[in-house]
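1018 is the number of the first residue of the sequence shown in this note's numbering; add one for each residue after it. Positions of the beta carbon are idealized from the N, C-alpha and C atoms, including for glycine. Computed from a predicted structure; not experimentally measured.
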Amino acid sequence: MKGIEMADNETNGTAGKAKLVQYLTEAYGKEKELETSLTAHIGMATRPPYKKRLQEHLKETKQHAKLVERRLKKLGGAGITGKANELLSRGVATAKGPLHAVRGTGEAEKQLKNAKTEYSEEHEEIATSLAIEVLATELGDEETAKVAKGIRREEERMASFLEKQIPVLTKE
């Protein structure tokens, strides 16, 4: 019986690691997508505090991608699938960019719509980071859990900032 339990644990460990690599690959693709869309949103931003925070978050987002990529390499992931995912994610963001530039009836409304999109994206990233953190912890991968927790905290700070900006932008 012990041999069967051991085999199940090894299978679960292998399957768990594969799932963790999948989640990290998805997170990496999302970070690359957001680099492109944040760059477009920065170009449209006219309110100095909002623009400055977007610029700061772009730096954070680039750092998140590097951290996730390092974890993927350490776990044996990324490779061709990661690059394909990155290209697809950037393609999606590039396609959305011009649409974001023309939505709304004025500068304030464009910024409001961008802020709402960013707010939604931050929450998707928070959920993804939380899933990675929990799975990594379950698998005993404390380094990946630590990276995911750090990213999640920065995404939560950005979401909080955006939550405060939405009423301001709405009133404009």
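- Classified as exposed, R1170 has fewer than 16 neighbouring CB atoms from the shown chains inside 10 Å of its CB.
- In this structure E1048 is in contact with V1085, their Cβ atoms being roughly 6 Å apart against a cut-off of 8 Å.
- In this structure, the beta-carbon distance from G1030 to E1155 does not fall below 8 Å.
- In this structure, the alpha-carbon of A1132 lies about 28 Å from that of K1163.
- Rounded to the nearest whole angstrom, the CA to CA distance from E1159 to A1148 is 14 Å.
- Judged by their CB atoms, Y1136 and E1172 are not nearer to each other than the 8 Å cut-off.
- Inclusion of E1043 and T1145 in the CB contact set at 8 Å is warranted, their separation being smaller than that value.
- Closest option to Q1182, judged by alpha-carbon separation, among L1051, E1050, A1062, A1057: A1062.
- I1143 and E1126 have their C-alpha atoms some 26 Å from each other.
- Minimum Cα-Cα distance from L1089 among the listed residues R1070, T1056, L1041 corresponds to L1041.
- The C-alpha of V1185 lies about 38 Å from the C-alpha of A1153.
- CA-CA distance, G1167 to T1056, rounds to 22 Å.
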